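Asks:
Number of protein chains: 2
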Amino acid sequence: MINKNIKGTSALRQKNRIQIIDYIRKNAPVTRIDIFNGTNISRPTITRIVKQLVEEKIVQESGMVETHAGRKPIYLKLRKSALCCMGMNIYRNNIRASIIDLDKNILISKKVSINNVKTAKEFLETILDMIHSLIDESKISIKHVIGIGIGSSGVVDYDKGILHNFNPHLNIRNIPLKAFLEKELNIQTFVDNNPNTRALGEYWYGYGRGYKDIAYIVCGEGIGSGIIVDGNILRGKNNITGEFGHMTVAVNGRECNCGRYGCVEAYCSTEGIEKILNEKISEVDTSPIKDFIKGNRSKLNYSMICEFYNEDRYCKEVLDQATTILSIGLSNLMGILNPEIIVLSGELFDNDFMFDQVIDKTKQEVFTDLIGDIKFKKREQMDYVYEIGAAALVYKAYFKNV
Amino acid sequence: MINKNIKGTSALRQKNRIQIIDYIRKNAPVTRIDIFNGTNISRPTITRIVKQLVEEKIVQESGMVETHAGRKPIYLKLRKSALCCMGMNIYRNNIRASIIDLDKNILISKKVSINNVKTAKEFLETILDMIHSLIDESKISIKHVIGIGIGSSGVVDYDKGILHNFNPHLNIRNIPLKAFLEKELNIQTFVDNNPNTRALGEYWYGYGRGYKDIAYIVCGEGIGSGIIVDGNILRGKNNITGEFGHMTVAVNGRECNCGRYGCVEAYCSTEGIEKILNEKISEVDTSPIKDFIKGNRSKLNYSMICEFYNEDRYCKEVLDQATTILSIGLSNLMGILNPEIIVLSGELFDNDFMFDQVIDKTKQEVFTDLIGDIKFKKREQMDYVYEIGAAALVYKAYFKNV
DNA sequence: AAAATTAATTTCAGAGTGAAATAATTGAGC
DNA sequence: GCTCAATTATTTCACTCTGAAATTAATTTT
């Protein structure tokens, strides 16, 4: 359980304790002297707190270190699965939950469908059952589960922990998920939307490790983003940030699903690209891709368009336009946020040449070299990434005052 | 002096002390019981720390409170000018510095020109002299000056406290202002660029009071911005954030001073507006404003264009375009940051109808109502606003762990 | 004048810390 | 094998700071 209402010198102890855990987590294996040098805590206090952590089986001593002279220090590291939390992902009709430790080891995992769930009550109880059975099966002491993190599709009120609308097809709305779980389980719970948890996962465990300002962009059927500023999720007033897909870069441009004109998404989402190509080839009698579709009676899709990039001038036009628009959008974003790293993910980048083109154009486009001197990374599919990001919500809160 | 290397229980004391000062600052006048209810500190500790603060003449007791029964509580407030700091603004050829207390009272102020300054050494010594004489004249004990905050034009490295380039016309570059002053005076010093200090001033003392996410936009000859995210200045990797003026909203649009195309600044800065109008009227034989200029042998400027808004169709076109483009830029910014309030300042808004038009169009333009439900404010000219913002850099650091 | 009420302080024991001294452990030199 | 220097880890001890509970203070109500 995350600290609450601990006052006075006990709070000081708690703070030092968490700082020591955090230092070990980040730098393991470390010696007590390393902790002394790396923090502002005195040696006796380190000895005392480490002793306690070893007794609680959170930290373990492991082997000696090669040194030149003097008493050999003892390596410390966190015991595997000693501190862990629940990471859960809610996506349309599925829920997957895992227990994950501080080294992002998946200790146990479970997936359920919520196709048959009709009411908010059923929904909440399904989740509660899931958590109970996971903890039971894992045989992990509940006191080592420091929290529950949940990422969800749709609109989420982070502060209140309310899931407004995770699936437009279900009539289950405004679910007070945080309040419910905290009451039932007495474990601190955090709920956020998927792009945010993904971005946080990237910051905590992925390419963003070691950086404090990250933009995580998803380009698929739609376009969204999660943004980390100084190590924290950018949430703004209503947790509706990073609406990168609906940034206007072409005044009086193409109409977007959102009803406005010239949004990035209208040009660069796979859906947008397919639409634009369809319009183009419907106006001509013949083109390689058009002939191919006719011949095979197949349906046009984004990956097909990519395959015809070199053979079909319309495909080339559409994809080139997409990368240009996207690069303008990205450079706008970079001019506002000046991030250290941008992680690109989603179907749009399944083809490497699209990824490369976007990066090249963005680097040309950007306002100053300083902003442009930035890392780009591609996030490939990775298992459990959603749950890991959700779990990071908890760790973020746990280590927040360090 | 801001705390440094205070360890153990003394750090706890320091933290409680600052929390109490902060509570009084925000809520004065308050009683000890108010502090007890508003913080997580026990009554004896409050009594002890307040007693000390009264002895140090930082807090003063002032009058009794009307109550229904029981012992009457004693009001506490901060003694005027008890805690103060230096706020300094460097702008092209001028430096103005003030000593400002926690209630933004200007205790003393001074302005010097640096026209005759040729070297970095002279520059630094001018500043040092200025600070010394201000402190001497003010008769404020130096131990009550908790820090020095400096806002400057140009590019500033906040972390290192280096002023890279505050005036393009002077060959004084890469000035280690922070290091110099901290060494000479042993007072913690912070340096940042003007838009950032202005935004922080707005957050700390202006329209942004009570909000945590603020965008502060300056539209004048150029366009810039300072952004506050969750109460902190958005700095990104290189402190080059909020390049709102160079956000591209018109792909393949008008060329901008920065060499790129379709930036907001190209359409909405007063310089851009003047340029566009000049081009327009140079292509026609006659128009009201053109005739006026000829008749009076005056030079075209932005305020004149505004005056001809209703009489000259070219003026109307240009200004309408400017407000449209600016509103698109603002709605893009809002979609990324979801701020609670946007403060608009600068010459562009000297005419109210421009301000009103921008707000109306932005509210129409914005992606969702939730983002659009936001406060807009106009920042009129205000004296000492630069120094107050710079001082806020110090207070921000002083109260950071509260 | 006593009771009730609320604010502020004092008492006191306990939690926690860090400087300095001490103990533990090891390699190097002879 | 013994001693010394080096380095890590622990213990000792005095000190700071805190908060619960009791007490005192000051004021209104009865």
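As you go down the protein sequences, you meet chains A and B in turn. Sequential numbering of the first sequence, starting at 1, is according to my numbering. Sequential numbering of the second sequence, starting at 403, is according to my numbering. Even glycine gets a Cβ: it sits at the ideal position worked out from N, Cα and C. Note that this is a predicted model, so its numbers are computed, not measured.
1. Is Ile730 (chain B) close to chain A, meaning its C-beta is less than 7 Å from at least one C-beta of that chain?
2. Let me know the secondary structure DSSP gives Lys377 (chain A) once reduced to three states.
3. Taking its Cβ as the centre, do 16 or more other Cβ atoms sit within 10 Å of Val686 (chain B), making it buried, or is it exposed?
4. What does Lys513 (chain B) pair with, by DSSP beta-bridge criteria?
5. Compare the C-alpha of Gly253 (chain A) against each of A:Cys263, A:Lys51, A:Ala82 and name the closest.
6. For the ligand ADP, is there a heavy atom less than 6 Å away from the beta-carbon of Asn105 (chain A)?
7. By the three-class DSSP mapping on this structure, what secondary structure does Met488 (chain B) have?
8. Could you pull the DSSP bridge partners for Ser729 (chain B) from this structure?
9. For Ser345 (chain A), list the residues DSSP reports as bridge partners.
10. Got a sec: is the Cβ-Cβ distance from Ala652 (chain B) to anything in chain A below 7 Å?
11. Do you know offhand how far Pro741 (chain B)'s Cα is from His546 (chain B)'s?
12. Could you check if Asp312 (chain A) is buried or exposed, using at least 16 other CB atoms within 10 Å of its CB as the buried criterion?
13. What's the call for Gln759 (chain B), buried or exposed, on a 16-neighbour Cβ count within 10 Å?
14. So which residues on chain A does Phe646 (chain B) lean against when the C-beta distance must stay under 8 Å?
15. Using 10 angstroms around the beta-carbon of Ser464 (chain B), count the other beta-carbons present and answer buried if the total reaches 16, otherwise exposed.
16. Pick from B:Ile510, B:Asn569, B:Gly647, B:Ala652: whose alpha carbon is nearest that of Glu673 (chain B)?
17. Of all the options A:Leu326, A:Gly210, A:Lys178, A:Gly236, which has the alpha carbon lying nearest to the alpha carbon of Ala266 (chain A)?
18. Just verifying my parser: in three-state terms, what is the DSSP assignment at Leu478 (chain B)?
19. Starting from Gly608 (chain B) and walking both ways along the beta strand (DSSP E), at which residues does that stretch end?
20. Nearest chain A C-beta to Thr810 (chain B) closer than 7 Å, yes or no?
21. If I measure Cβ to Cβ from Phe349 (chain A) and keep anything under 6 Å in the same chain, skipping five residues before and after, which residues do I get?
22. For the beta strand (DSSP E) that Gly410 (chain B) lies in, which residues bound it at each end?
23. Roughly how many angstroms separate the alpha carbons of Met403 (chain B) and Ile548 (chain B), rounded to a whole number?
24. My assumption, with CB atoms under 8 Å, is that Ile550 (chain B) sits in contact with Leu504 (chain B). Please give the rounded CB distance.
25. Hey, quick one: how far does the beta strand (DSSP E) through Val547 (chain B) stretch, first residue to last?
26. Under 9 Å, CB to CB, which of the residues in the segment 146 to 168 of chain A have a partner in chain B?
27. Can you find the residues in the same chain that come closer than 6 Å, C-beta to C-beta, to Lys178 (chain A), ignoring five residues on each side of it along the sequence?
28. When you compare the CB of Asp722 (chain B) with every CB in chain A, is at least one pair closer than 7 Å?
29. Under 7 Å, do Asn194 (chain A) and Gly151 (chain A) count as touching if we go by C-beta distance?
30. Where does Asp157 (chain A) sit, in a helix, a strand or coil, going by DSSP?
31. Thinking C-beta only, is Ala120 (chain A) closer than 7 Å to Ile172 (chain A)?
32. Please name the residue in B:Thr599, B:Ser535, B:Glu539, B:Ile537 whose C-alpha comes closest to that of Tyr808 (chain B).
33. Please classify Thr726 (chain B): is it buried, with 16 or more other beta-carbons within 10 angstroms of its beta-carbon, or exposed?
34. Quick one, are the C-beta atoms of Thr368 (chain A) and Leu330 (chain A) less than 7 Å apart?
35. In whole angstroms, what is the alpha-carbon distance linking Phe399 (chain A) and Met490 (chain B)?
36. Looking at the C-beta of Thr643 (chain B), does it have a partner C-beta in chain A at a distance below 7 Å?
Replies: Let me lay it out:
1. Taking CB atoms only, Ile730 (chain B) has a neighbour in chain A less than 7 Å away.
2. Reduced to three states, the DSSP call for Lys377 (chain A) is strand.
3. Burial state of Val686 (chain B) is exposed, judged by a 10 Å Cβ sphere holding fewer than 16 other Cβ atoms.
4. Looking at the DSSP assignment, Lys513 (chain B) forms a beta bridge with B:Arg498.
5. When only C-alpha atoms are compared, the closest one is A:Cys263.
6. This structure simply doesn't include the ligand ADP, nor any ligand for that matter.
7. In the three-state reduction of the DSSP assignment, Met488 (chain B) falls in the strand class, which pools E and B.
8. In the DSSP output, where bridge partners are listed per residue, Ser729 (chain B) has none listed.
9. A:Val218, A:Arg379, per the DSSP bridge assignment.
10. The C-beta of Ala652 (chain B) comes closer than 7 Å to at least one C-beta of chain A.
11. Rounded to whole angstroms, Pro741 (chain B) to His546 (chain B) spans 35 Å at the Cα level.
12. Asp312 (chain A) should be labelled buried.
13. Its Cβ being crowded by 16 or more others within 10 Å, Gln759 (chain B) is buried.
14. For Phe646 (chain B), the residues of chain A that pass the 8 Å Cβ criterion are Gly335, Ile336, in the order they occur in the chain.
15. Exposed: under 16 other Cβ atoms inside 10 Å.
16. Taking only the C-alpha atoms, the option nearest Glu673 (chain B) is B:Gly647.
17. Of the listed residues, the one whose Cα sits closest to Ala266 (chain A) is A:Leu326.
18. Strand, per DSSP.
19. Element bounds for Gly608 (chain B): n/a, residue is neither H nor E.
20. Nothing can be reported for residue 810 (chain B), as the shown portion of chain B is limited to 403 through 804.
21. Closer than 6 Å at the Cβ level, and outside the excluded window around Phe349 (chain A), lie Phe355, Lys378.
22. Per DSSP, Gly410 (chain B) belongs to no beta strand (DSSP E); it is in the alpha helix (DSSP H), 410 to 429.
23. Note that Met403 (chain B) has pLDDT 48, beneath the 50 cutoff, so the model's placement of it is unreliable and the number below is only indicative. About 5 Å.
24. With 8 Å as the limit, Ile550 (chain B) and Leu504 (chain B) do not qualify as a contact, their Cβ atoms being about 15 Å apart.
25. For Val547 (chain B), the uninterrupted beta strand (DSSP E) segment begins and ends at 547 to 554.
26. Identification of residues in the segment 146 to 168 of chain A having a C-beta nearer than 9 Å to some C-beta of chain B yields Val155, given in sequence order.
27. For Lys178 (chain A), same chain residues with a beta-carbon under 6 Å away, outside a window of 5 residues either side, are Gly161, Thr189, Val191 in chain order.
28. Residue-level contact check: Asp722 (chain B) does not touch chain A, since none of the beta carbons of chain A fall below 7 Å from its beta carbon.
29. Yes, these two residues count as a Cβ contact at 7 Å.
30. Strand.
31. Yes, Cβ-Cβ distance for Ile172 (chain A) and Ala120 (chain A) is below 7 Å.
32. What the structure shows of chain B is the stretch from 403 to 804, and residue 808 (chain B) is not part of that stretch, so it cannot be assessed.
33. Residue environment analysis places Thr726 (chain B) among the buried positions, since at least 16 neighbouring C-beta atoms fall within 10 angstroms of its C-beta.
34. No; because the gap between Cβ atoms is not below 7 Å, this pair is not in contact.
35. Those two C-alpha atoms are separated by around 36 Å.
36. Against chain A, the CB of Thr643 (chain B) has a partner CB under 7 Å away; the residue lies at that interface.
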